[in-house]
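Each remark here refers to the structure printed beneath this line.
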Amino acid sequence: MKIPIRRYWQLLATYLKPQRTRVILLMAALLTGIAFQLINPQILARFIDAIVANTEGQTLLTLALLYIGAAIIGQVLTVVSVYLASAVGWTATNELRADLAEHCLGLDMAFHKSRTSGELIERVDGDVNALSRFFSQFIIVILGNGLLLIGVVVALFFAHPIAGLAGLGFAVAALTVMLSLRNLAVPYFKEYRQQSAEFYGFANEQLAGREDIKANGARAFFMRRLYEINQHWMLAWHKARLAATTLWASTDATFALGSIIALGVGAYLFFQDAVTIGIVFLIYNYFTQLSRPISQIREQIELLQAADASILRIRELFDTTSDLDQTGSTPIPVGALAVTFNHVNFYYDTHEDGSPEWILRDINFKLKAGETLGLLGRTGSGKSTMARLLLRLYDVQQGDIHINGVPIQHASLESLRQRVGLVTQDVQIFQASVRDNITFFNRSVPDSRLLEAFNLLGLDNWLRKLPDGLDTQLGSNAASLSAGEAQLLAFTRVFLKDASLIVLDEASSRLDPMTEHLLDDAVTRLLHERTGIIIAHRLATVQRVDNIMILDQGRIVEFGRREALLEQVDSHFSKMLRTATSDVLL
Numbered sequence: 002m003k004i005p006i007r008r009y010w011q012l013l014a015t016y017l018k019p020q021r022t023r024v025i026l027l028m029a030a031l032l033t034g035i036a037f038q039l040i041n042p043q044i045l046a047r048f049i050d051a052i053v054a055n056t057e058g059q060t061l062l063t064l065a066l067l068y069i070g071a072a073i074i075g076q077v078l079t080v081v082s083v084y085l086a087s088a089v090g091w092t093a094t095n096e097l098r099a100d101l102a103e104h105c106l107g108l109d110m111a112f113h114k115s116r117t118s119g120e121l122i123e124r125v126d127g128d129v130n131a132l133s134r135f136f137s138q139f140i141i142v143i144l145g146n147g148l149l150l151i152g153v154v155v156a157l158f159f160a161h162p163i164a165g166l167a168g169l170g171f172a173v174a175a176l177t178v179m180l181s182l183r184n185l186a187v188p189y190f191k192e193y194r195q196q197s198a199e200f201y202g203f204a205n206e207q208l209a210g211r212e213d214i215k216a217n218g219a220r221a222f223f224m225r226r227l228y229e230i231n232q233h234w235m236l237a238w239h240k241a242r243l244a245a246t247t248l249w250a251s252t253d254a255t256f257a258l259g260s261i262i263a264l265g266v267g268a269y270l271f272f273q274d275a276v277t278i279g280i281v282f283l284i285y286n287y288f289t290q291l292s293r294p295i296s297q298i299r300e301q302i303e304l305l306q307a308a309d310a311s312i313l314r315i316r317e318l319f320d321t322t323s324d325l326d327q328t329g330s331t332p333i334p335v336g337a338l339a340v341t342f343n344h345v346n347f348y349y350d351t352h353e354d355g356s357p358e359w360i361l362r363d364i365n366f367k368l369k370a371g372e373t374l375g376l377l378g379r380t381g382s383g384k385s386t387m388a389r390l391l392l393r394l395y396d397v398q399q400g401d402i403h404i405n406g407v408p409i410q411h412a413s414l415e416s417l418r419q420r421v422g423l424v425t426q427d428v429q430i431f432q433a434s435v436r437d438n439i440t441f442f443n444r445s446v447p448d449s450r451l452l453e454a455f456n457l458l459g460l461d462n463w464l465r466k467l468p469d470g471l472d473t474q475l476g477s478n479a480a481s482l483s484a485g486e487a488q489l490l491a492f493t494r495v496f497l498k499d500a501s502l503i504v505l506d507e508a509s510s511r512l513d514p515m516t517e518h519l520l521d522d523a524v525t526r527l528l529h530e531r532t533g534i535i536i537a538h539r540l541a542t543v544q545r546v547d548n549i550m551i552l553d554q555g556r557i558v559e560f561g562r563r564e565a566l567l568e569q570v571d572s573h574f575s576k577m578l579r580t581a582t583s584d585v586l587l
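Under our numbering, think of the first position of the sequence shown as 2, with each following residue one higher.
So, in structure tokens, the structure goes:
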């Protein structure tokens, strides 16, 4: 398996270019360190020969101080190199991680429905982490150690031509072995990354549903499935490591052969009176040093095998495009919006024969600006789908939707989602303060604006009851809030962004009467001078609306003014009211 080298260069150029100064400093530190690695054995060889020749103590002291100074400078350069490499790697991977996260947020809901959040976390975090050393060290270490390799071979030729030829042959043989095994582990590491993603996806789903698992006695199923996934994950890891170990073992065997060659060449030249004992040490030391750059290059190739798999998966994610056409640029105006559905048909999936499994069928209606629509129907009739289409979480396959006369595909997506506000019965609460939860971590919104929103919605008394007001810390997934309190925050979010079209998707279906009364006042204020669509199954919820629409199996079975439908004894809406149990319509 081979990946075009330009993919490596694209990643490196994109994420290392902004750090060019730091990269240059890193390269300078590495190259200077290489120079000291070549100088130190020369000093030590002269020190040995000076001892053998009974040279005066001053010369020995000078050589010893030179060696110690060079060793200290070399260690300092090593520390600097490690620090700079770490900084470069983390900065580059954080930028890549941010770009991947932003790309995923821009993909349509069909993409997110087909993948678990755990899998995406592994893609955005796990695969990127595997590239950390690739960014910080790959090119620089390969280049630096390549220069060190050349420098050592040249130094061996200066020591003696036979030693130089032996060193050159050893280096070529070792590099040939490693390069021949370069792609051995790539497919296994890719499988390992995929198994890792499946594990995190499964764990995320199951832990999120821990209450249902416990309540239904499904712990045994969870543990059995976890065991199966772990078995596949472990097997993939062993295969990847075994393939990588083949490269490691081959290199170590080559190093052992190199030591034998060094000792043999040194002994032969010494007994031929061709070199001094110091040069013998120099030859052996340089052969030992040859193993260092070769080992480093081997590690980088092994790293590249793991990086190959991650680069492939990251590239696949970047190459995934949204099915939504996001080229629209027409802004949505401020103020109440008119909504028109023109013979809209929509489906999520297809049947086994490839035919569409229609969720909405020929939906055709107009809602004037400033009016409210009560949307009723059984579960699965298509009510929530209409809400998703208004936010362009999906695009219709047939027909079209207009907002204030503008085809929704022509509207700016950012403007559309700013002007359309959605509140559902399942509110996402972040593990953060009340302030961050209602502003989505936008610290530029002043507290006075937040307090004004709570006051205008009639929720200021509720806010005052919180222990730390806006600074009250909330648990993730609304762990520290009731369903009603989570809805209060959702209403405030929509109010703050000053949406022009409000969609309430069964927002009060799980609330107690007292909290619902509080939300009822908030809804009245929220819908003031705005267009509203209320998806509901309670009578009280639709008493405020101007129009009623009833869906059944994706079709409109009734649409009209609420008062007119109430006066028609045989209308679906009148029959629903007469047959409703308590306050429940459906």
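Backbone N, C-alpha and C define an ideal beta-carbon position, used for all residues, glycine too.
Query                                                                                                                                                      : Result
Would you mind sorting L17 into buried or exposed? The rule is 16 or more other CB atoms within 10 Å of its CB.                                            : buried
According to the neighbour-count rule (16 or more other Cβ atoms, all chains shown, within 10 Å of its Cβ), is G329 buried or exposed?                     : buried
For my contact list, T331 and H403 are in at a C-beta cut-off of 8 Å; report their separation, rounded to the angstrom.                                    : Not confirmed; about 11 Å, so no contact.
Would you mind stating whether T94 and V53 have Cβ atoms separated by less than 9 Å?                                                                       : no
Let me know the beta strand (DSSP E) ranges lying completely inside the region 311 to 395, each 3 residues or longer, listed in chain order.               : 340 to 351, 357 to 368 and 373 to 378
Determine, using beta carbons only, whether F492 and V524 come nearer to each other than 9 Å.                                                              : yes
Note down, in chain order, each residue of its chain lying with its Cβ closer than 8 Å to the Cβ of L270, except the 5 sequence neighbours on either side. : H161, I163, A164, V276, I280, V281 and I284
Using 8 Å as the Cβ pair cut-off and three pairs as the minimum, do the region 354 to 365 and the region 542 to 549 touch?                                 : no
Can you grab the Cα-Cα spacing for the pair L457 / R526, in whole Å?                                                                                       : 7 Å
In the DSSP assignment, what residue or residues form a beta bridge with E559?                                                                             : I551
Are the region 424 to 443 and the region 333 to 348 in contact at 8 Å, needing three or more beta carbon pairs?                                            : no
Which class does L31 belong to by DSSP, given the choice of helix, strand or coil?                                                                         : helix
Tell me which residue opens and which closes the beta strand (DSSP E) that I534 is part of.                                                                : T532 to I536
Kindly indicate the opening and closing residues of the beta strand (DSSP E) around D126.                                                                  : It is not in any beta strand (DSSP E) - D126 carries neither H nor E in the DSSP assignment.
Grouping DSSP H, G and I as helix and E and B as strand, with all else coil, what is V446?                                                                 : coil
Just the C-alpha distance for W238 and I312, rounded to the nearest angstrom, thanks.                                                                      : 18 Å
Could you check what DSSP says for L236 in three-state terms: helix, strand or coil?                                                                       : helix
To the nearest angstrom, how far is it from the Cα of W234 to the Cα of R226?                                                                              : 12 Å
If you compare alpha carbons, which of V424, D437 and Q195 is closest to E317?                                                                             : Q195
What span of residues does the alpha helix (DSSP H) with T94 cover, start to end?                                                                          : G58 to L106
Do G168 and L157 have their CB atoms nearer than 9 Å?                                                                                                      : yes
My guess is that R393 and L451 are in contact by the Cβ rule of under 8 Å, so how many angstroms apart are they, rounded?                                  : The Cβ separation is near 28 Å, so there is no contact.
Sorted by chain position, which residues of the same chain lie with C-beta nearer than 8 Å to S323's C-beta, five sequence neighbours on each side aside?  : G107, L108, D109 and F112
Please report how far the alpha carbon of L567 lies from the alpha carbon of K367, in whole angstroms.                                                     : 20 Å
Whole angstroms are fine: how far does the CA of R47 sit from the CA of E57?                                                                               : 13 Å
Going by C-alpha distance, which of Q488, S197, V397 and D320 is nearest T117?                                                                             : S197
So, with DSSP's three-state summary, where would you put D521?                                                                                             : helix
Taking the alpha carbon of G75 as the point to measure from, which residue in S115, G34 and I44 has its own alpha carbon closest?                          : G34
Nearest CA to the CA of V266: which residue from Y287, Q327, V125 and L85?                                                                                 : Y287
Going by DSSP, what residue range makes up the beta strand (DSSP E) through G422?                                                                          : V421 to T425
If the criterion is Cβ atoms closer than 9 Å, does the pair D522 and G459 meet it?                                                                         : yes
In the DSSP output, which residue or residues are listed as bridge partners for A241?                                                                      : None, per the DSSP bridge assignment.
Give the DSSP bridge partners of H403, in chain order.                                                                                                     : T341 and P408
Locate the beta strand (DSSP E) running through I503, then write down its first and last residues.                                                         : L502 to D506
For E123, count neighbouring Cβ atoms within 10 angstroms of its own Cβ and tell me buried if that reaches 16, exposed if not.                             : buried
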